[in-house]
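Residue numbers (the working numbering): 35 to 230.
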């Protein structure tokens, strides 16, 4: 039995290229031709290694989530809810990110505009955002139990509020808002944080 031809591309590098393209252009705004050009591969190679466009997008989401989870985990590890939320919002704003990666959040922007044909992708992103909100809610409950939040604080409402602000910040960041403007949004949000 003959040995197959070796791959002429690095699948990890190709996936990174796809992730960044989806991040910049969204799911529907990215065509297969865009992907093959950015990834430096032919369509048969894309299908053979990554599956169809939807499967590739899901793999790109997994890659994105793995890379961004450190920021969230580090923020949620803070001793106080105030410091954690501030760090989380600044991370969503990308104000301290010196890299040339796109601004905003792939999980938010990936399907801001989706047709019925991409309903499965929209639902996938909604489910992933819901998981993040649920993790934040659990952490809010822990902070409340530890006395870091007042008895009147509702962890679910606080988590929803923080994620709504975070998602708004990512849209603003992707739209070209300055780091200073985004920092001011975070500062204003923190002024409303419930005192103990």
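Note that the Cβ used here is the ideal one computed from N, Cα and C, for glycine as well.
Predicted model, so just to flag it, every value in this text is computed and none were measured.
#1: Count the other C-beta atoms from every protein chain shown that fall within 10 angstroms of the C-beta of residue 174, then say buried if there are 16 or more, exposed otherwise.
#2: Determine the burial state of residue 66: buried for a count of at least 16 other Cβ atoms within 10 Å of its Cβ, exposed for fewer.
#3: Which first and last residues belong to the alpha helix (DSSP H) in which residue 69 is found?
#4: Looking at the unbroken alpha helix (DSSP H) that takes in residue 205, where does it start and where does it end?
#5: For the pair the region 121-130 and the region 188-202, tell me if three or more CB-CB distances fall below 8 Å.
#6: Whether or not the region 51-65 and the region 143-158 are in contact is what I'm after, with contact meaning three or more pairs of Cβ atoms, one per stretch, closer than 8 Å; do they touch?
#7: Restricting to runs no shorter than 4 residues, where is the alpha helix (DSSP H) found entirely within the region 96-159?
#8: Does the region 43-53 touch the region 88-104, meaning 3 or more C-beta pairs lie closer than 8 Å?
#9: Which same chain residues end up closer than 7 Å to residue 83 when comparing Cβ atoms and leaving out the 5 residues on each side of it in sequence?
#10: Let me know the secondary structure DSSP gives residue 223 once reduced to three states.
#11: Under a Cβ-count criterion, where at least 16 other Cβ atoms within 10 Å of its own Cβ denotes burial, should residue 40 be classed as buried or exposed?
#12: When we look at the beta-carbon of residue 190 and count the other beta-carbons within 10 Å, is it buried (16 or more) or exposed?
#13: May I ask you to report which of helix, strand or coil DSSP gives residue 163?
#14: For residue 159, collect the residues of the same chain with a Cβ closer than 7 Å to its Cβ; drop the 5 residues on either side in sequence, then sort them by chain order.
#15: Leaving out the 5 sequence neighbours to the left and right, which residues in its chain are closer than 7 Å to residue 223 when beta-carbon positions are compared?
#16: Expressed to the nearest angstrom, what Euclidean distance is found between the alpha-carbon atoms of residue 276 and residue 216?
The relevant details are as follows:
#1: As a working note, residue 174 is residue 140 in the chain shown. Buried, by the Cβ-count rule.
#2: Along the chain shown, read from residue 1 onward, the residue named residue 66 stands at position 32. Exposed.
#3: The residue given as residue 69 occupies position 35 in the chain shown. From DSSP, the alpha helix (DSSP H) with residue 69 extends over 66-73.
#4: Position 171 of the chain shown, counted from the start, is the residue given in the question as residue 205. Unbroken alpha helix (DSSP H) run through residue 205: 189-208.
#5: Using a C-beta cut-off of 8 Å, the region 121-130 makes contact with the region 188-202, since at least three inter-stretch Cβ pairs fall below that distance.
#6: yes
#7: Counting only runs that start and end inside the region 96-159, the alpha helix (DSSP H) elements of at least 4 residues fall at 115-127, 140-143.
#8: yes
#9: On the chain shown, position 49 is the one that residue 83 refers to. Excluding positions up to five away in sequence, the list reads 45.
#10: Stepping through the chain shown from its first residue, residue 223 is reached at position 189. In this structure, residue 223 counts as helix in the three-state DSSP scheme.
#11: Residue 40 sits at position 6 when you count from the first residue of the chain shown. A caution first: residue 40 carries a pLDDT of 48, below 50, which makes its placement in the model unreliable, though a value can still be read off. It counts as exposed.
#12: For the purposes of this step, residue 190 is taken as the residue at position 156 of the chain shown. By the Cβ neighbour-count rule, residue 190 is exposed, with fewer than 16 other Cβ atoms within 10 Å of its own.
#13: Here the question's residue 163 lines up with position 129 in the chain shown. Helix.
#14: Counting from 1 along the chain shown, the entry for residue 159 is found at position 125. 141, 144, 145, listed in sequence order.
#15: Counting from 1 along the chain shown, the entry for residue 223 is found at position 189. Once the five neighbours on either side are set aside, the close Cβ partners of residue 223 are 123, 199.
#16: Any answer about residue 276 is impossible in this case: the structure gives the chain only from 35 up to 230.
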